[in-house]
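Before any comments, here is the structure.
Pasting the structure below:
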């Protein structure tokens, strides 16, 4: 029999045994106790007194960011700790699934153990598999104290998962456990049919719901659905689909609530969210993401260029700048010829116009009238006009021949920059298509977000016939596309967005 010093209580002896056996490999341990504990900690630790000001959500968050994942709690109302732990859960960037929580009573009074037992029925406790309660119990020997080591079932159906289980009993007289079992038995490898809630919506080919049972016995199919079914087959869980057909991917609000698939996971309405989720940084700060399983990309479906109307063809040989130069030449040449004539004739505009249009007819006609003139001003203006018009007419004639030979189309949108230059809006049924661009500092990405619009399925389908909008598509492996159910009878082409 081991002699116990009078200043160390039996519960501290038990706690020391648990620390040495189960918490010795912890990177960092947090001890939250309203009374001092006489235990030796072989690892780095932080002691917090919940009655003092330094115990707060901010303090727990800081410790979590430093890698502290295991806790020893000795409080009259440990529910305060569970509420604080749940508050920092989506805020912390360091997340571990093997956190161990050891709850120690403040007194040895059995009648005061009810609040600690009720801890297992809290929703916050359902997120942690390794919770150990140390509760005093009666023994046949008056001089010997005994403590029950209790946890929650965690696995099994919803009605069973919150039930308390007595794992073992420890006696202070013998300093030994009754059964000597492992005190953190939930290893998550067999959930015994535990319900796994999956939030999703129909998004082909990843998620297909309401499928004919003759084709899919479970009434569901798809790439990600098959992954979830196989995952639950491995760990023995039951899949429950929570449909988010209205809010789709959803969004997360600043108060850590949300809607849709990602909002359902953040609020705890579901355990897993699927439906082509990308590695979005803002969403990752509030929840965990698995490794990537499929490579995909966002592309845009844009209207295909049409053949230009016949009336537009005569304007194509010259660009906008050349046409402006022609107009300026016409204006200045008319003014110069008028001045050269001493403002005595109103035919300057006709002379210049005729020379520019075709220097083969009008110059000869008007030259016969001015050739006898000895005015060097008129001859200079007409001469320079003939030279310039000869160059313009030759270039225009060659360009016009080419225009009428090769079919001419509207400007093509082949790149992201082309889409921005066209100022054509692009959009989809949810802003999740721009989540990957939201934090980008690139000017192109910012302009893309400004041109993005959100419409309903019906409005998107209506606009698909107007040739005034580009549509977001997901490029799947093997060159296939997810088209959001849009059906369009007009020709289109795709560009990478």
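Residue numbers (the working numbering): 75 to 571.
Even for Gly, the Cβ is constructed at its ideal location relative to N, Cα and C.
Here the structure is a predicted model, which is why all the values come from computation and not from measurement.
Span of the alpha helix (DSSP H), counted from its first residue to its last, around residue 494: 490–496
Would you report the Cα separation of residue 332 and residue 324, rounded to the nearest angstrom? 7 Å
Around the C-beta of residue 414, are 16 or more other C-beta atoms found within 10 angstroms, so that it is buried, or is it exposed? buried
Between residue 394 and residue 458, what straight-line distance do the alpha-carbon atoms span, to the nearest angstrom? 23 Å
If residue 170 and residue 143 are in contact, beta carbons under 8 Å, what's the gap, nearest whole angstrom? 5 Å
For residue 516, three-class secondary structure by DSSP: coil
When we look at the beta-carbon of residue 304 and count the other beta-carbons within 10 Å, is it buried (16 or more) or exposed? exposed
Report the rounded CA-to-CA distance for residue 390 versus residue 490, giving the unit in angstroms. 25 Å
As an exercise, report each continuous alpha helix (DSSP H) stretch of at least 4 residues that is fully enclosed by the stretch 270–350, in chain order. 297–309 and 334–341
Helix, strand or coil: how does DSSP classify residue 354 here? coil
For residue 527: DSSP bridge partner residues: 501
Decide if the stretch 296–315 is in contact with the stretch 264–282; the criterion is three or more beta carbon pairs, one per stretch, under 8 Å apart. yes
Please list the segments of the alpha helix (DSSP H) lying wholly inside the stretch 181–247, counting only runs of 4 or more residues, in order along the chain. 188–191 and 232–235
From residue 218 to residue 111, what does the alpha carbon distance come to, in whole angstroms? 21 Å
So, does the CB of residue 335 fall closer than 8 Å to a CB anywhere in chain B? Among the protein chains of the structure shown there is no chain B, as only one such chain exists.
For residue 82, three-class secondary structure by DSSP: coil
Less than 8 Å separating the beta-carbons of residue 379 and residue 486? yes
Does residue 439 pass the burial test, meaning 16 or more other C-beta atoms within 10 Å, or should it be called exposed? The predicted model places residue 439 with a pLDDT of 47, which falls under 50 and marks its position as unreliable, so this point remains unresolved.
Kindly indicate which three-state DSSP category residue 396 falls into: helix, strand or coil? helix
How is the beta strand (DSSP E) around residue 544 delimited, first residue to last? 543–549
Please tell me whether residue 352 and residue 509 are closer than 8 Å, where the distance is taken between their beta carbons. yes
Opening and closing residue of the alpha helix (DSSP H) in which residue 153 lies: 153–162
Below 8 Å CB to CB, which residues in the same chain sit around residue 137 once its five sequence neighbours on both sides are set aside? 102, 104 and 120
Helix, strand or coil: how does DSSP classify residue 360 here? coil
C-beta contact flag for residue 511 and residue 376 at 8 Å: no
Measuring alpha carbon to alpha carbon, tell me which of 175, 322, 236 and 412 ends up nearest residue 106. 175
Restricting to Cα atoms, I'd like to know which of 182, 135 and 132 is closest to residue 150. 182
With distances taken from CA atoms, which of 250, 254 and 317 is nearest residue 275? 317
So what does DSSP say about residue 101, is it helix, strand or coil? coil
If you follow the alpha helix (DSSP H) that residue 131 is in, where does it begin and where does it stop? 131–139
Residues in the same chain with beta-carbon distance under 7 Å from residue 442, minus the five sequence neighbours each way, listed in chain order, please. Caution is warranted here: a pLDDT of 44 is assigned to residue 442, below 50, making its placement in the model unreliable, and no coordinate value can be reported.
Proximity of residue 340 and residue 356 at Cβ, strictly below 8 Å: no
If you draw a straight line from the alpha carbon of residue 495 to that of residue 555, how long is it in whole angstroms? 25 Å
Whole alpha helix (DSSP H) runs in the stretch 445–480 with 4 or more residues, listed along the chain? 450–479
Given a cut-off of 8 Å, decide if residue 207 and residue 195 are closer than it, judged by their beta-carbon atoms. no
Under 8 Å between the Cβ atoms of residue 473 and residue 546? no
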